[in-house]
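Engineer: There's a structure below that I have some questions on.
Protein chains: 2
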Amino acid sequence: MSRTTIAEIAASLGVSVPTVSKVLNGRSDVAPGTRARVDEALKRHNYRRSVSPTARKSGLLDLVFRSMDNMWAHEIMLGVEEAASARRLSVVVSELRGAHRPPQRWLDGVMSRRPVGVILALSTLEDEQREQLLARSIPFVVVDTEGQPPVGVPTVGSTNWDGGLAATRHLLELGHRRIGVISGAPHVLCSRARVDGYRSAHDEAGITPDPALIRWGDFTAEGGYQHATALLALEDPPTAIFAGSDHQALGVQRAAHEAGMRLPQDLSIVGYDDLPMTAWLSPPLTTVRQPLREMGALATRMVLSLAEGKELVSMRMDLATELVIRESTMPTSP
Amino acid sequence: MSRTTIAEIAASLGVSVPTVSKVLNGRSDVAPGTRARVDEALKRHNYRRSVSPTARKSGLLDLVFRSMDNMWAHEIMLGVEEAASARRLSVVVSELRGAHRPPQRWLDGVMSRRPVGVILALSTLEDEQREQLLARSIPFVVVDTEGQPPVGVPTVGSTNWDGGLAATRHLLELGHRRIGVISGAPHVLCSRARVDGYRSAHDEAGITPDPALIRWGDFTAEGGYQHATALLALEDPPTAIFAGSDHQALGVQRAAHEAGMRLPQDLSIVGYDDLPMTAWLSPPLTTVRQPLREMGALATRMVLSLAEGKELVSMRMDLATELVIRESTMPTSP
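Line order of the protein sequences matches chains E and D. If you count the first sequence from 1, position 3 lands on 3 in the UniProt record's numbering, and the numbers rise without skipping. If you count the second sequence from 1, position 123 lands on 123 in the UniProt record's numbering, and the numbers rise without skipping.
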């Protein structure tokens, strides 16, 4: 393990030790060119700042969302805040306003406040950004990746494929044979895994699902509404719809009402997430529970373990999903 | 304006200047007795730390909720985070797990991280705690007070009385004469103001509301469900219910469905808050919009103004509520 020092980095670049130190601390008073050279040298030397556990005085944990404007984010945040609070840490919450990767400005803020660790929800870091955090010994964990996480990035998720399988099996057992599925974007791995679970449940039952019943979109209510409206307008419409999120399920309910359907008699609906409000919908929503708070809490514990220099048992931890049967699904009429 | 110095405080107590400084910075390595004496002296001398705007380097803003486990809190947070981010500040979010006042541990954290300011949502500070923040020149603003805010505490709210008036006028105009109201706890000022708006609308119409139709509770779905169940079981049940929150309105919908009622034909329902999901309920909920994000953003701007040493235009700012008519209300059948 190379133990390059700040002094060696400074000497190799012909800059002062305080300059290297400023770059490590995310200070803005270093010329951009110098800064880029320092960062490049830190990476080349595989520099890792040594931080004793007691030196982590900020008492902060950073949590960053691609988008917070949904109840999914709120549940993750509740889990992180509770687990952090139990360890006497406070949570800094940021939103990337839809961007997939944090801007450098955000990373500079992180480097200057020196949190114990960083949790990224549905967002990822560029290679360069990961390297910047690693050089400063600020560990990070990703909750729900969009794509395959790069090697070495610890990730918390849930068993999306199993969730898709359980939801679809339930509908098949109720006698449904034309089951629509509305998922997220196809490039998002969790969307794909759920649809594959849907396909496997059909395979088990010896049924080939009609490709017209499989829809890709986003996880919003509006998206659910648009796709459900299209599905219900098919010549041979589905008798059940498996939505990719509880938000989407709200949109599916709306589309069904507009089509003059009674719920659940004319259309069974399964949601995904089990947000607290779903038990209060009319009819109460059958949904696949994702343990979002537990996922937030687990990510917190993982990042704190890393901060203490421990090895993780596994770089990837998927928590179990569970079908919660309420009243939005029923057997097909004979 | 007295300008007592730290040195004078230290001399008056016979402690060292670094000891006073540690107490100001929320450091834990000061004996509790000493610390209490220093805090008492800071208060007695009306000490105010002088902080130049550029010295506020933490880049942090603290936001603390009594409880975050609801969508109301999420909306406030989105407003604070967006306004803070526009000023290049990051938001530290904490929850008091139902306590009305923050524990000293939380306050110690605030004093040590030295945020630009503090926003308290539905929570207040003890006199002592207020004094501790004032001595450290950390300004604070309260969003939605429970009770009368103490003199000198800047507060952001919304026009609760007007909201209650508008919701009830709407139901009266639709021909309803027996209108139930479910509010929050009677000691919470916003609950009382909304019910008073309900009463004034009845006064205008020359109607005396039946006291049995006025219910006090909490803002949860479960609370709405319990109260609506009781209201609908009355010998002469209401034909409309004005709920104190959208969460409560979900519970009212459930109670109506369980009583075999069609919505909105058999029962008109008005909610309160206009959370994003209400437009997606079936039927879409008529509700009183509270501009929660704007309230969070305004509180942020107020606390930043205070941090810059500016005077507030007013210690109390109430933003307008607005009735949003959707499909959960309809005229009484003739």
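We treat Cβ as the ideally placed atom computed from N, Cα and C, and that holds for glycine.
(1) Using a C-beta cutoff of 8 Å, does E:Val-92 count as contacting chain D?
(2) Could you work out which residues of chain E lie near D:Trp-72, taking near to mean beta carbons separated by less than 8 Å?
(3) With burial defined as no fewer than 16 other Cβ atoms inside 10 Å of the residue's Cβ, what is the status of D:Glu-75: buried or exposed?
(4) With a cut-off of 8 Å, do at least 3 Cβ pairs link the stretch 174 to 187 of chain E to the stretch 231 to 241 of chain E?
(5) Which class does E:Asp-318 belong to by DSSP, given the choice of helix, strand or coil?
(6) From the DSSP secondary-structure annotation, give me the bridge partner or partners of D:Gly-224.
(7) If you measure beta-carbon to beta-carbon, which residues of the stretch 271 to 287 of chain D are closer than 7 Å to chain E?
(8) Can you list, in chain order, the residues of its chain whose CB lies under 8 Å from that of D:Tyr-198, leaving out five sequence neighbours each side?
(9) Expressed to the nearest angstrom, what Euclidean distance is found between the alpha-carbon atoms of D:Asp-162 and E:Lys-57?
(10) Quick check: the stretch 127 to 147 of chain E against the stretch 123 to 137 of chain D, are there 3 or more CB pairs under 8 Å?
(11) Kindly indicate which three-state DSSP category E:Asp-266 falls into: helix, strand or coil?
(12) Taking only beta-carbon atoms, is E:Asp-69 less than 8 Å away from chain D?
(13) Of the choices E:Thr-300, E:Ala-11 and E:Arg-289, whose alpha-carbon is the least far from that of E:Thr-159?
(14) Distance check for D:Arg-301 and D:Met-277, CA to CA, integer angstroms please.
(15) How far does the alpha helix (DSSP H) with D:Arg-293 in it extend, from its first residue to its last?
(16) Please confirm if E:Gln-132 has its CB atom under 8 Å from at least one CB of chain D.
(17) Against D:Arg-254, what residues of chain E qualify as contacts under a CB-to-CB distance less than 7 Å, listed in chain order?
(18) Please check if any C-beta of chain D sits within less than 8 Å of the C-beta of E:Arg-101.
(19) Listing by chain order, which chain E residues have their CB less than 9 Å from the CB of D:Ala-121?
(20) Who are the near neighbours of E:Lys-22 in its chain, counting only those whose CB is closer than 7 Å to its CB and skipping five residues on each side?
(21) Quick one: grab the DSSP three-state call for E:Leu-323.
(22) If you reduce the DSSP assignment to three classes, tell me which class E:Asp-127 lands in.
(23) For the candidate residues E:Ala-212, E:Pro-102 and E:Arg-66, whose alpha-carbon lies nearest to that of E:Glu-235?
(24) Quick check: the Cα distance between E:Ser-328 and D:Arg-136, rounded to an integer number of angstroms?
(25) Cα separation between D:Leu-24 and D:Ser-94?
(26) Residues of chain E with CB closer than 7 Å to the CB of D:Arg-37, please, in chain order.
(27) Excluding five sequence neighbours on each side, which residues of the same chain lie with their C-beta closer than 6 Å to the C-beta of D:Leu-292?
(28) Please list, in chain order, all residues of the same chain as E:Met-330 whose beta carbon is under 8 Å from its beta carbon, the five residues on each side excluded.
(29) Whole angstroms are fine: how far does the CA of E:Thr-287 sit from the CA of E:Val-270?
(30) Pull up the distance between the alpha-carbon of D:Pro-283 and that of D:Ala-255, whole angstroms please.
Structural biologist: Looking at the coordinates:
(1) yes
(2) Within 8 Å Cβ-Cβ: nothing; D:Trp-72 doesn't reach chain E, min ~11 Å.
(3) buried
(4) yes
(5) strand
(6) Looking at the DSSP assignment, D:Gly-224 forms no beta bridge with any residue, so it has no partner.
(7) Met-277, Trp-280 and Ser-282
(8) Gly-164, Leu-165, Ala-167, Thr-168, Ile-179, Val-181, Pro-209, Ile-214 and Phe-242
(9) 47 Å
(10) no
(11) coil
(12) yes
(13) E:Arg-289
(14) 27 Å
(15) 292 to 307
(16) no
(17) Trp-280 and Ser-282
(18) no
(19) Those do not exist, as D:Ala-121 stays about 14 Å from chain E at its closest Cβ, beyond 9 Å.
(20) Asp-29 and Val-30
(21) strand
(22) helix
(23) E:Ala-212
(24) 55 Å
(25) 21 Å
(26) The contacting residues do not exist; D:Arg-37 stays about 25 Å from chain E at best.
(27) Glu-75 and Ile-76
(28) Leu-174, Pro-264, Gln-265 and Ser-268
(29) 5 Å
(30) 15 Å
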